[in-house]
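Q: Structure provided below as structure tokens; questions to follow.
Chains as they are written, first to last, in our numbering: chain A, 1 to 437; chain B, 1001 to 1437.
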């Protein structure tokens, strides 16, 4: 078989998958070990046709797949890999550029800088910030905090109790302590309880994982400025919302950040992995990471993006972001973000109008935190039961010690019918549980 | 346009690119800033057709592309993205799985563990090691050294002067010092000069970047065992050669390593990025990285691969490795590795037979270090001149203070004709320079 024939089969597989994904159980209905037990224990001696790979993808892997592309994936932060981004990944793999220095991949290096500037314009960020792409917000945060340590000294990373776990992981990796500030009554960092003693950095979150709360960045920026502390803003999820001017209330103060992370693979319709890291202090990142061995020395005066993060070898990640920005445009991105928020409003309204249910946190953006009134155990059981139906997938968090359900909208295929169906399943499973007892 | 139509155009672009790549100038013939100056300063307001993306890929990006897929890419460590791996990236982007815990992507989590076991079998590694995938050897090294620090304490990372720069970068990130051991006369770590005082880890290299030298791992393993120091083996390039039993002389002692990195995207025909990290002490990696927040807690007892490295969000990277292992099989991998080595032998022979040229280091695997006899400046100029022809791309290093050229074979499309042509260009450009003066 040729690349063209195998490729046509792969493409047909992808097209059908995207057409049919709404019909699959969203959460994989398998037990740990099920997939491995169906794979041969030893690798093949002789090469097999690519068609066999596609066959086993259907037969073995698909039943063990949790379908992130499903319109009823509502867990964590739901995401979409848009079609132009998917095809761009095919192209990037074809080129197989490795961008450790400019000359090894000028197009990839310059397109990365350029798409980050484009995205900064779309989000209304200050002009002139330096942007590059890391694989995950975890690694973007490591890069930012390494720069903070380099620039400012200090041995403590300060963040709220609702900051993402990757902040503490990054601090631990860097040999720094984490100090967690208590929350106010809307799950934001309580600026009144802030203590920046010995701080290298403060991480403020715009759109926390639990409730999408927005920390009071302007006040935090004042405090960081006064104390000479690096301000890193984690807007991994909510930052994409800034493409809509009416949502830029949540951007207040961010223009004073030293660094900012927004994950294009979360809510900017770009396939994993594409974490965007901007900084207004690029020299601090360079001084934390730059180290040029002889075999990479050139007479180019061009910038190497590997000087700004942990990895030397870098994929051509900007190609998929470029394809999405090109094919959707500002208007297409805005329309999708606004629709996700509208659907979250619809769901919030359904919960609010139903006796015996409550909304548990202010709704920001496209995430609704809610629960059935009553004991935690009922909600835990409800979550398990609902996810087992395969009709939708939601996740949970804990707020003020209470077990709370989360429904996040972010998949571009999600319609109002999907949201209403999710609500029907929730009510049905909640009722059936009670009737059984 | 539909996904099928746009996809067919993208696939045709990829097929033609792979057919034509040998005809493009290998090293991009552009100056820094050339690409960006041809891109619009602002992102589009309205969505554009995907065909426009393909058009600009040809018109704007391709002239700025250094062609890693070219059969005459001989720089750094030449690599191949094999066709099954390319198509698997299309599939992985279509699924868009995010594997931060088992249940978010059981198939991706289990296939990753399984393909690492398969690869361990192919390479003849000990059974039972724990394997997972990171994006780059840089990040694999960070993970390994973080585990070493966690397990052993110590504040120094010991490696040879020819260890990869990512070792020093990782140590710096972790707040550790680097101690560089001198070399013996074959550019290997001189075990007689080893000092493990206060060491957290020793990094031994199998296949250094400069010359593909192999550090004396058995002796180093003895020393590490005696001193209670973590032994990390960096076989990012050469580890893939172990698929051939006759090359396993270079694996001696590796079975005693605490951790090992092999980059499948270097010489195992897998597209970027796919760095394989094995350890026989998985609990040390877990204790360096594991941290489970409430919103990721589940009742599953299944393993989460994000507990073993810096990133929480993880792409479905194993799919491309699986596709390559399936479609090539052990025999296909062996045949390609052996052919690369044969071609390196051919090139080495040509250099050795030619008066006025010298081979500068023992040839291991598929890398030849050589130079024109005479001053460094002549060789530097020769490198620039040869790369400017676009007919091939080679890189350099410095050995014993001398400027040395490197020709590395790793692209599966490289033929003996490509190698002979490279040699012809080198002789021609060398002669023309002399005749001009």
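The beta carbon of each residue, even a glycine, is placed where N, CA and C say it ideally should be. Predicted model only: the values in this text are computed from it and were never measured.
How far does the beta strand (DSSP E) with residue 332(A) in it extend, from its first residue to its last?
A: Where residue 332(A) is concerned, there is no enclosing beta strand (DSSP E), although the alpha helix (DSSP H) it sits in stretches over 318 to 353.
Q: Please identify the residue among 1011(B), 1229(B), 1129(B) and 1379(B) whose C-alpha is closest to the C-alpha of residue 1158(B).
A: For residue 1158(B), the nearest C-alpha among the options comes from 1229(B).
Q: Is the segment 96 to 106 of chain A touching the segment 305 to 319 of chain A, taking contact as three or more C-beta pairs under 8 angstroms?
A: Touching, yes, given that three or more Cβ pairs across the two stretches are closer than 8 angstroms.
Q: For residue 153(A), I'd like the list of residues in its chain whose CB is within less than 7 angstroms of its CB, leaving aside the five on either flank, ordered along the chain.
A: So the qualifying residues of the chain are 200.
Q: Helix or strand or just coil, what does DSSP make of residue 1208(B)?
A: In this structure, residue 1208(B) counts as coil in the three-state DSSP scheme.
Q: Could you tell me whether any Cβ in chain A is nearer than 9 angstroms to the Cβ of residue 1046(B)?
A: Closer than 9 angstroms to some Cβ of chain A, the Cβ of residue 1046(B) qualifies, so yes.
Q: Return the residues of the segment 1231 to 1259 of chain B that lie within a Cβ-Cβ distance of less than 7 angstroms from chain A, sorted by chain order.
A: Taking 7 angstroms as the Cβ-Cβ cut-off against chain A, none of the residues of the segment 1231 to 1259 of chain B qualify.
Q: Check each candidate in 263(A), 88(A) and 187(A) and name the one with the smallest Cα separation from residue 1055(B).
A: Out of 263(A), 88(A) and 187(A), 88(A) has the C-alpha closest to the C-alpha of residue 1055(B).
Q: Taking 8 angstroms as the threshold, find out whether the segment 240 to 250 of chain A comes into contact with the segment 111 to 130 of chain A through three or more Cβ pairs.
A: Flag = yes, the segment 240 to 250 of chain A and the segment 111 to 130 of chain A touch.
Q: Measure from the C-beta of residue 133(A) to each C-beta in chain B and report whether the shortest distance is under 9 angstroms.
A: So, not an interface residue.
Q: Does DSSP put residue 1436(B) in a helix, in a strand, or in coil?
A: In this prediction, residue 1436(B) has a pLDDT of 48, which is less than 50 and means its spatial position is unreliable; what the coordinates show is noted afterwards. Three-state DSSP puts residue 1436(B) in a helix.
Q: Chain B partners of residue 136(A), CB-CB under 7 angstroms?
A: Residues of chain B passing the Cβ test: 1311, 1312 and 1313.
Q: Just the Cα atoms here: how many angstroms apart are residue 1213(B) and residue 1206(B)?
A: If you take the alpha carbons of residue 1213(B) and residue 1206(B), they lie about 7 angstroms apart.
Q: Going by C-alpha to C-alpha distance, which of 1305(B), 1210(B) and 1426(B) sits closest to residue 1357(B)?
A: Nearest option by C-alpha distance: 1426(B).
Q: Under the three-state reduction of DSSP, which class applies to residue 1230(B): helix, strand or coil?
A: It is a strand residue.
Q: Kindly indicate which three-state DSSP category residue 154(A) falls into: helix, strand or coil?
A: Looking at residue 154(A) - three-state DSSP - the assignment turns out to be coil, as it is neither helix nor strand.
Q: How long is the line joining the alpha carbons of residue 131(A) and residue 323(A), rounded to whole angstroms?
A: If you take the alpha carbons of residue 131(A) and residue 323(A), they lie about 18 angstroms apart.
Q: List the residues of chain B that residue 114(A) touches, going by C-beta distances under 7 angstroms, in chain order.
A: Neighbours of residue 114(A) on chain B, chain order: 1036 and 1039.
Q: Could you tell me which of 1346(B), 1275(B) and 1107(B) sits nearest to residue 27(A), measuring between CA atoms?
A: Looking at the Cα atoms, 1107(B) is the closest of the given residues.
Q: Determine, for residue 76(A), whether the minimum Cβ-Cβ distance to residues of chain B falls below 9 angstroms.
A: So yes, residue 76(A) belongs to the interface.
Q: Helix, strand or coil: how does DSSP classify residue 286(A) here?
A: Three-state result, residue 286(A): helix.
Q: For my contact list, residue 326(A) and residue 1044(B) are in at a C-beta cut-off of 8 angstroms; report their separation, rounded to the angstrom.
A: Contact flag correct, Cβ pair sits at about 6 angstroms.
Q: Of all Cβ atoms in chain B, is any one closer than 9 angstroms to the Cβ of residue 362(A)?
A: No, its Cβ sits nowhere closer than 9 angstroms to a Cβ of chain B.
Q: Need the endpoints of the alpha helix (DSSP H) that residue 1011(B) sits in, please.
A: Per DSSP, residue 1011(B) belongs to the alpha helix (DSSP H) from 1003 to 1020.
Q: Is residue 1050(B) close to the ligand NAD? I mean its beta-carbon at under 8 angstroms from any heavy atom of the ligand.
A: Of the ligands one can find in the structure shown there are none, so the ligand NAD has no counterpart to examine.
Q: In whole angstroms, give me the CA-to-CA distance for residue 1386(B) and residue 1239(B).
A: Taking the straight line joining both Cα atoms gives about 30 angstroms.
Q: When the cut-off is 9 angstroms and only beta carbons count, does residue 142(A) lie next to chain B?
A: Residue 142(A) counts as touching chain B.
Q: Short of 8 angstroms Cβ to Cβ, which residues in the segment 1325 to 1341 of chain B face chain A?
A: Within the segment 1325 to 1341 of chain B, the residues whose Cβ lies closer than 8 angstroms to some Cβ of chain A are 1325, 1326, 1327, 1328, 1329, 1330, 1331 and 1332, listed in chain order.
Q: Could you check whether the segment 166 to 177 of chain A touches the segment 131 to 149 of chain A, counting it as contact only if at least three pairs of C-beta atoms, one from each stretch, sit closer than 8 angstroms?
A: Segments in contact, yes.
Q: From the DSSP secondary-structure annotation, give me the bridge partner or partners of residue 1357(B).
A: Answer by DSSP bridge pairing, in chain order: 1372(B).
Q: Which residues mark the beginning and the end of the beta strand (DSSP E) in which residue 366(A) is found?
A: It is not in any beta strand (DSSP E) - residue 366(A) carries neither H nor E in the DSSP assignment.
Q: Can you give me the C-alpha to C-alpha distance between residue 1189(B) and residue 1182(B), rounded to a whole angstrom?
A: If I take the Cα positions, the gap works out to 6 angstroms.
Q: Shorter than 9 angstroms from the beta carbon of residue 1015(B) to some beta carbon of chain A?
A: Closer than 9 angstroms: yes.
Q: Rounded to whole angstroms, how far is the Cβ of residue 333(A) from the Cβ of residue 147(A), which I believe are closer than 8 angstroms?
A: At roughly 29 angstroms, the Cβ-Cβ gap does not stay under 8 angstroms, so residue 333(A) and residue 147(A) are not in contact.
Q: Rounded to the nearest angstrom, what separates residue 144(A) and residue 259(A) at their Cα positions?
A: Going by the C-alpha atoms only, they are around 6 angstroms apart.
Q: Does any CB atom of chain A fall closer than 9 angstroms to the CB of residue 1186(B)?
A: Cβ-Cβ to chain A under 9 angstroms: no for residue 1186(B).
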